[in-house]
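Participant:
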Ligand code: MN
Ligand code: MN
């Protein structure tokens, strides 16, 4: 049937991102294939340190070498630098001089979780617990009654650094926070959802067998300490010399009968970290020097010396400029950055917190988020029209699907990313990433088509 004049005009003038599964059917199996190693990456990298270690493996396999700040590099050279084990910068030198700007892709590898307190171990009524302090924005009630794994490092007095990972392998014990049974929860049910489980109730069960000595007041605690000592040479003060994170002991999995989604812990923002890393490793000869940063501490405001608000990125970039005789300020000014981070996918079950016309949706491609922030865009970067146009043109030239998205309806809430910190270096920046359902929960969902499309967006950016 012939289209009417109105239909043709509508097609020409209006804009509605379509489902990639319809527009580009052949991507369905390609995306599924792309996500197999992605799921393995998520299982192997449940902390920022583990992400960085995995990234180093990927980069070395792709011919990257440790960065030497005194060396001069030529087109095609590939280097990486690890920042205190928790962040990473990788660079591939492009054909154009540094002064013409670099292309930066920055994702974060920290995810919301429960950190152990510096003195976490206690016993109550012959049960031993670990006290936690949550990291990043979590909905506390979601973290009770699920299996948790223990990951982290301890720097022992003898100088050894222990790397811990317990609860991931078959046969490993897991850990758990308890909650009330419905029969006895009438009082607790009157609490607001935010207080369903309170911060000081996020106590993790670690044991219930006592040390056999009636002179000991806290025999279960002692039995746990004895176990830690026998296994690792660990004493109670060593908790203060550690960074131990409790994360969901759940593996990444396909979700849905059609297997269209990936469900996993930590997809914010390891979905962007992984796709960025793959694009960095796969970019053969970028025009502009291609730089990927995997940053830490985004979830608490990019603080600390491994967060993007630290000097390390600037130091690295200024060092690059200096070693290659480029004017650093000129280089910054001409550079482009993708602040690669997830956005909240429209959730039909909870549609009232979204504004349907300016939300991102599953399966419609990577989401370009012009601004984040709260209320009147407070705390946001707010990319310029010129830079939005540039990034859209880059994507469209390579057939990348994209959509726009605000983080929820106006005045409902808000959030921030690394974008504003990069922009403060005088670098054009915009947020781009994957739409996520149940963001910051122990099991987040993302569409395989969106993940694959985001990888293609990053490849286009580094072309
Ligand atoms: Mn994020
Ligand atoms: Mn987040």
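Residue numbers (the working numbering): -11 to 451.
Where is the CB? At the ideal position from N, CA and C, for every residue including glycine.
Values in this document were obtained by computation on a predicted structure and should not be read as measured data.
(1) Would a C-beta distance cut-off of 8 Å place residue 109 and residue 120 closer than the cut-off?
(2) Nearest to residue 62 by alpha carbon, out of 343, 447, 312 and 391?
(3) Give me the residue from 384, 99, 391 and 448 with the minimum Cα distance to residue 236.
(4) May I ask whether a heavy atom of ligand 1 can be found less than 7 Å away from the beta carbon of residue 242?
(5) Taking 7 Å as the cut-off, does the CB of residue 171 come closer than this to any heavy atom belonging to ligand 1?
(6) In three-state DSSP terms, what is residue 349?
(7) When DSSP labels each residue in this structure, what does residue 400 get in the three-state scheme?
(8) What does the Cβ neighbour count give for residue 322, buried or exposed, with the cut at 16 atoms within 10 Å?
(9) For residue 364, report the span of its alpha helix (DSSP H) as first-last.
(10) Tell me the DSSP secondary structure of residue 29 in three-state form.
(11) Measuring alpha carbon to alpha carbon, tell me which residue in 131, 97, 213 and 51 is nearest residue 262.
(12) Contact defined as beta carbons within less than 8 Å: I believe residue 355 pairs with residue 392. What is the distance between those atoms, to the nearest angstrom?
(13) With a threshold of 7 Å, establish whether the CB of residue 287 neighbours any heavy atom of ligand 2.
(14) Just confirm the distance between the C-beta atoms of residue 283 and residue 94, as a whole number of angstroms; I'd bet it's less than 8 Å.
(15) Kindly provide the ranges of any alpha helix (DSSP H) runs that are 4 or more residues long and lie completely inside the region 196 to 226, ordered along the chain.
(16) Cβ-heavy atom distance between residue 284 and ligand 2 below 7 Å?
(17) Kindly examine ligand 2 and report whether one of its heavy atoms sits closer than 7 Å to the Cβ of residue 256.
(18) Return the Cβ separation of residue 59 and residue 273 in integer angstroms, given the expectation that the two are a contact with Cβ distance under 8 Å.
(19) Quick one: what's got a C-beta closer than 7 Å to residue 382's C-beta in the same chain, skipping five residues either side?
(20) For residue 431, collect the residues of the same chain with a Cβ closer than 8 Å to its Cβ; drop the 5 residues on either side in sequence, then sort them by chain order.
(21) Would you kindly work out how many angstroms separate the C-alpha atoms of residue -4 and residue 14, rounded to a whole number?
(22) Under three-state DSSP, which class holds residue 77?
(23) Using only the alpha-carbon positions, how far apart do residue 154 and residue 348 sit?
(24) Cα separation between residue 138 and residue 195?
(25) Tell me the rounded alpha-carbon separation between residue 50 and residue 267.
(26) Assuming residue 257 is part of the alpha helix (DSSP H), what are its boundary residues?
(27) Need the endpoints of the beta strand (DSSP E) that residue 234 sits in, please.
(28) With DSSP as the reference, label residue 431 as helix, strand or coil.
(29) Alpha carbon to alpha carbon, what distance is there between residue 142 and residue 339?
(30) Taking only three categories from DSSP, how would you classify residue 386?
(31) Got a sec: does ligand 1 put a non-hydrogen atom nearer than 7 Å to the Cβ of residue 355?
(32) Taking 8 Å as the cut-off, decide whether the C-beta atoms of residue 46 and residue 265 are in contact.
(33) CB residue 85 to CB residue 445, shorter than 8 Å?
(34) Which runs of the alpha helix (DSSP H) spanning at least 4 residues fall entirely within the region 273 to 360, listed in chain order?
(35) If you compare alpha carbons, which of 259, 206 and 373 is closest to residue 435?
(36) Once you ignore the five residues that flank residue 217 on each side, which residues in its own chain have a CB closer than 7 Å to its CB?
Facilitator: Taking the structure as given:
(1) The Cβ-Cβ distance between residue 109 and residue 120 does not fall below 8 Å.
(2) Per the Cα distances, 312.
(3) Comparing Cα-Cα distances from residue 236 to each of 384, 99, 391 and 448, the minimum goes to 99.
(4) Not under cutoff, so the answer is no.
(5) Answer for residue 171: no, Cβ out of range of ligand 1.
(6) For residue 349, the three-state secondary structure derived from DSSP is coil.
(7) Residue 400: coil per DSSP, three-state reduction.
(8) Residue environment analysis places residue 322 among the buried positions, since at least 16 neighbouring C-beta atoms fall within 10 angstroms of its C-beta.
(9) Unbroken run through residue 364: none, as it is neither H nor E.
(10) Helix.
(11) Minimum Cα distance to residue 262 is reached at 97.
(12) Rounded, the Cβ-Cβ distance is 7 Å, consistent with contact.
(13) Correct: residue 287 has its Cβ closer than 7 Å to ligand 2.
(14) Correct: roughly 6 Å between the Cβ atoms.
(15) Segments of the alpha helix (DSSP H) lying fully in the region 196 to 226: 207 to 220.
(16) False, no ligand heavy atom lies under 7 Å from that Cβ.
(17) In this structure, the C-beta of residue 256 approaches ligand 2 to less than 7 Å from one of its heavy atoms.
(18) Residue 59 to residue 273, Cβ: 20 Å. No contact.
(19) Hits under 7 Å: 448 and 449.
(20) Cβ within range, chain order: 236, 238, 251, 252 and 253.
(21) Going from the Cα of residue -4 to the Cα of residue 14 covers about 27 Å.
(22) DSSP places residue 77 in the strand class (E or B) of the three-state scheme.
(23) So the two alpha carbons sit approximately 37 Å from each other.
(24) Rounded to whole angstroms, the separation of the alpha carbons of residue 195 and residue 138 is 14 Å.
(25) Between the alpha carbons of residue 50 and residue 267 lies a distance of about 11 Å.
(26) Start and end: 255 to 270.
(27) For residue 234, the uninterrupted beta strand (DSSP E) run begins and ends at 230 to 236, by DSSP.
(28) Assigned with DSSP and collapsed to three states, residue 431 falls in coil, not helix or strand.
(29) Between the alpha carbons of residue 339 and residue 142 lies a distance of about 44 Å.
(30) Coil.
(31) No, since every heavy atom of ligand 1 falls outside the 7 Å radius drawn around the Cβ of residue 355.
(32) A contact, by the Cβ cut-off of 8 Å.
(33) Not in contact: residue 85 and residue 445 (Cβ atoms no closer than 8 Å).
(34) Fully enclosed alpha helix (DSSP H) runs of 4 or longer: 300 to 311 and 316 to 321.
(35) It is 259.
(36) Hits under 7 Å: 223.
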